[in-house]
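Protein chains in written order, with our numbering: chain A, 481 to 592; chain B, 750 to 863. Glycine included, every Cβ here is placed at the ideal spot set by N, Cα and C. Only one structure is covered here, and it is reproduced in the block below.
Okay, here's the thing in structure tokens:
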């Protein structure tokens, strides 16, 4: 049972444009959501997070949007840069637990 | 600042051999510790996590076990490796006993079972 889903395995975007990565979840008890970036042969790097009490969080070029009613979150990267090319994972944590469940990842390619 | 060390970076082991992967965290006390695995073309699967010395929560029944002999040390073991144990193993930590704290990952161990 995949509780966190990233239905797009890959995405290509032109440099300077917006990248939008999507994530859906099924567990209504999730209350904390995170995005990670991963290069090959390295560990994932934390990018940005959002609590379920908010619907938007920004950090520089990265913005995460949360739609609780739709059980959907998205990561916007503006403007996209070639160095953003990586695999992006969304993750979620259930209230009152220390467990973090990850999606299957989306490979982003930013074209110069 | 906090750092996480994971070794070895790569490992090739024959089927049926034992396994021991070690992870240590510096610069923080009482961290929550985690082992994840990324199989080829798959997402990150939570294997074990620990919120204190000697406390281990297992998420997926399998051929692996974990131990936390010291506050900032987390070990992943197997008595007899299977081919299906191949993958990229990642250790992570988060601030201890705090909900909604990001995970911070090590650089991983690439395990190939032959």
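Going by DSSP, residue 859 of chain B is part of the beta strand (DSSP E) stretching over 858-862.
Counting along the chain, residue 759 of chain B sits inside the beta strand (DSSP E) bounded by residues 759-762.
A distance below 8 Å between beta-carbons, with the five flanking residues on each side excluded, links residue 487 of chain A to the following residues of its chain, in chain order: 502 and 504. Sequence-ordered contacts of the region 768-798 of chain B with chain A read 781, 791, 792, 793, 795 and 798 [C-beta pairs closer than 7 Å]. Secondary structure note for residue 529 of chain A: its beta strand (DSSP E) is the uninterrupted segment 525-531.
The CB of residue 579 of chain A comes closer than 7 Å to the CB of 795 and 798 in chain B, given here in chain order.
The residues 751, in chain order, have a CB closer than 6 Å to that of residue 777 of chain B in the same chain once the five nearest residues on each side in sequence are set aside. Only those residues of the region 522-549 of chain A whose C-beta falls short of 7 Å from the nearest C-beta of chain B are listed: 522, 523, 524, 526, 529 and 531. Within chain A, the residues 521 have their CB atoms less than 9 Å from the CB of residue 859 of chain B, given in chain order. Under the DSSP assignment, residue 539 of chain A falls in the beta strand (DSSP E) whose first and last residues are 536-539.
With fewer than 16 other CB atoms across the displayed protein chains lying within 10 angstroms of its CB, residue 802 of chain B is exposed.
According to DSSP, residue pairing for residue 838 of chain B in a beta bridge involves B/786 and B/858. DSSP places residue 832 of chain B in the helix class (H, G or I) of the three-state scheme. For residue 818 of chain B, the enclosing beta strand (DSSP E) starts and ends at 814-819. Contacts with chain B (Cβ-Cβ distance below 7 Å) from the region 498-515 of chain A involve 512 and 514, listed in chain order.
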